[in-house]
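Protein chains in written order, with my numbering: chain A, 492 to 811; chain B, -16 to 263. Just so you know, even glycine gets a beta-carbon here, dropped at the ideal spot from N, CA and C.
In structure tokens:
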């Protein structure tokens, strides 16, 4: 297991390095270089030179890349154009909120999506299965802001039972009251992201369950007289979970995209909202830093899901 | 793979595929005939935020513009963006997929892990970063979406190619000493057309989701009507929680996006079920 884990972390590290390199070069080869935007023509030539030096623009692209990577590993992602704060500091304030949201959503997606998918597979071809398929088809097609609007409209406008945005009511309360307050604020963003993602979990669980239920060892279990629930839970579910968890890992990247829109709408103080705010402020170092942090979170979550899959399926460890 | 006639016979009996196809046809008609259906919404209108009526079937926005007209012109933008995105994705994804599937070995493995990396990246934030820099124009947005849509297409093309290149007629073609480019494009690609086509319908759908997302976040083209732009304007005017609520302003564009995406997804499902009876 430790060898597999080591290999997986190495692969994750290479993925991270490649995605960081990619953003660096994509951004540098853009027709309108973001750092050019910094240089206001009204500035005097000395100020412009000083700015060029500060951001390393007078050096060759290779040197710039070297400085960028070494600084990145020292935790230095530059300073925000808007506030002058170090980018890392800004991100560390916001990241816990995004991770909290994603974590809650992933857990609920699995807890609720897997049983529904299993149920659909057992009723394959029947009305219940067709209805679930139809809802799933709409679910995977839905536009995240639409869900957010619909929930906001129902819960905050019509029923007036949940707050419209933010993560807590300022000034922050103390102790247990604070937790209750945050939960009340988290319900709508979490519900939005959950609804947007549960459909694909249901779909993949159903499809892999249908495959697994056709296997010989399931027929053997039935013919031994094992009860249906036991066959499903003990024999089938563990194997059916393998593709589901893999896919959950793969969809985290897409989920992060949905989180940007969700956080924007609900003013959730996470990295997604930060991206929205930095776009309007053209705060390019924060934008790049936010992307790097999100990419890193996705890679780490992928490693976690891969390790879970390896734990469920011992063949993977041997092969890896 | 069926011949075309059998394909049509089976496809036209597939309810999901037919619903999807009808939706797609309606959207295409709306998009092409937009100038004939509704006047391009610009400037200011007479009645502000008036609800759906005989004159404005989807109401008006806070400038008094006809929401129905905005949606019809938005359909045109959606089609434009998704066709360009599909084109860009095809230009990159299909050759990469064919290459990784046909040429196994080091280059194939390397390209395959690059596809892997692209598939796991949080694509929307990356598109946001790039769109923020290249600037908001509809063609930029479309190309950026296309550039990030190729990995799934490459993966699908690769899987199909791997399967097909094991077949005997490919071996026969190799024995005839046909050039690799001819084998790949003429003999493999044609037979991989099914799964590739299904993936293209999915790209059409996700491209519109991405475009709407970017426009909603303020990275779209401010001079063009798109469904995401309408939603952004409604959101900026806090239309969702305003009293009295101009629900038509945010509801109709949202529903348009859902119908567009569902139509293309259903079309893809229909094609897929026709090609693989097992998946039904």
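Buried/exposed call for residue i, threshold 16 Cβ in 10 Å
i: residue -13 of chain B; result: exposed
i: residue 26 of chain B; result: exposed
i: residue 267 of chain B; result: Nothing about residue 267 of chain B can be reported from this structure: the residues present for chain B run from -16 to 263 only.
i: residue 92 of chain B; result: exposed
i: residue 226 of chain B; result: exposed
i: residue 576 of chain A; result: exposed
i: residue 159 of chain B; result: exposed
i: residue 219 of chain B; result: exposed
i: residue 250 of chain B; result: buried
i: residue 754 of chain A; result: buried
i: residue 689 of chain A; result: buried
i: residue 150 of chain B; result: exposed
CB contact check: residue i to chain B, cutoff 9 angstroms
i: residue 811 of chain A; result: Low per-residue confidence applies at residue 811 of chain A: pLDDT is 44, beneath 50, and the placement is therefore not dependable, though the value from the model is reported in the following sentence. Not an interface residue.
i: residue 497 of chain A; result: no
i: residue 782 of chain A; result: yes
i: residue 609 of chain A; result: no
i: residue 785 of chain A; result: yes
i: residue 688 of chain A; result: no
i: residue 695 of chain A; result: no
i: residue 628 of chain A; result: yes
i: residue 636 of chain A; result: yes
i: residue 623 of chain A; result: no
i: residue 557 of chain A; result: no
i: residue 597 of chain A; result: no
i: residue 789 of chain A; result: yes
C-beta neighbour in chain A for residue i, strict 9 angstroms
i: residue 71 of chain B; result: no
i: residue 99 of chain B; result: yes
i: residue 218 of chain B; result: yes
i: residue 259 of chain B; result: no
i: residue -7 of chain B; result: no
i: residue 279 of chain B; result: This structure does not reach residue 279 of chain B, given that chain B is present from -16 up to 263, and the question cannot be answered.
i: residue -1 of chain B; result: yes
i: residue 36 of chain B; result: no
i: residue 103 of chain B; result: yes
i: residue 212 of chain B; result: no
i: residue 74 of chain B; result: no
i: residue 77 of chain B; result: no
Reference residue i; option with closest CA among the options
i: residue 783 of chain A; options: A/504, A/607 and A/538; result: A/504
i: residue 10 of chain B; options: B/221, B/41 and B/243; result: B/243
i: residue 733 of chain A; options: A/763, A/804 and A/691; result: A/804
i: residue 691 of chain A; options: A/627, A/668 and A/660; result: A/627
i: residue 772 of chain A; options: A/573, A/680 and A/512; result: A/573
i: residue 657 of chain A; options: A/643, A/650 and A/649; result: A/643
i: residue 79 of chain B; options: B/63, B/156 and B/167; result: B/167
i: residue 578 of chain A; options: A/592, A/799, A/765 and A/793; result: A/765
Residue i Cβ short of 8 angstroms to the ligand MN heavy atom set
i: residue 58 of chain B; result: The ligand content of the structure shown is nil, which means the ligand MN is not present either.
>> At a CB distance below 9 angstroms, what residues from the segment 733 to 745 of chain A approach chain B? Give them in sequence order.
In response: 740, 741, 743, 744 and 745
> What alpha helix (DSSP H) runs, 4 residues minimum, are completely inside the segment 617 to 655 of chain A?
Replying inline: 618 to 632 and 635 to 642
>> Against chain A, which members of the segment 220 to 233 of chain B pass a CB distance test of less than 8 angstroms?
In response: 223, 224, 226, 228, 230 and 233
> If you scan the segment 201 to 240 of chain B from start to end, which runs of the beta strand (DSSP E) of 3 or more residues do you find wholly inside it?
Replying inline: none
> According to a CB-to-CB cut-off of less than 8 angstroms, which residues of the segment 106 to 140 of chain B neighbour chain A?
Replying inline: 106, 107, 108, 109, 111, 112, 113, 115, 116, 117 and 118
>> So if I threshold CB-CB distances at 9 angstroms, which residues from the segment 196 to 210 of chain B count as touching chain A?
In response: 196, 199, 200, 201, 202 and 210
> Using a beta-carbon distance cut-off of less than 7 angstroms, what residues from the segment 643 to 654 of chain A approach chain B?
Replying inline: 643, 644, 647 and 648
> Along the chain, which unbroken stretches of the alpha helix (DSSP H) at least 4 residues long are found entirely within the segment 651 to 711 of chain A?
Replying inline: 666 to 704
> Name the residues in the segment 756 to 780 of chain A whose C-beta lies less than 9 angstroms from a C-beta of chain B; which are they?
Replying inline: 756, 762, 763, 766, 767, 769, 770, 771, 773, 775, 778 and 779
> Which of the residues in the segment 574 to 594 of chain A, read from start to end, lie with their CB under 7 angstroms from any CB of chain B?
Replying inline: none
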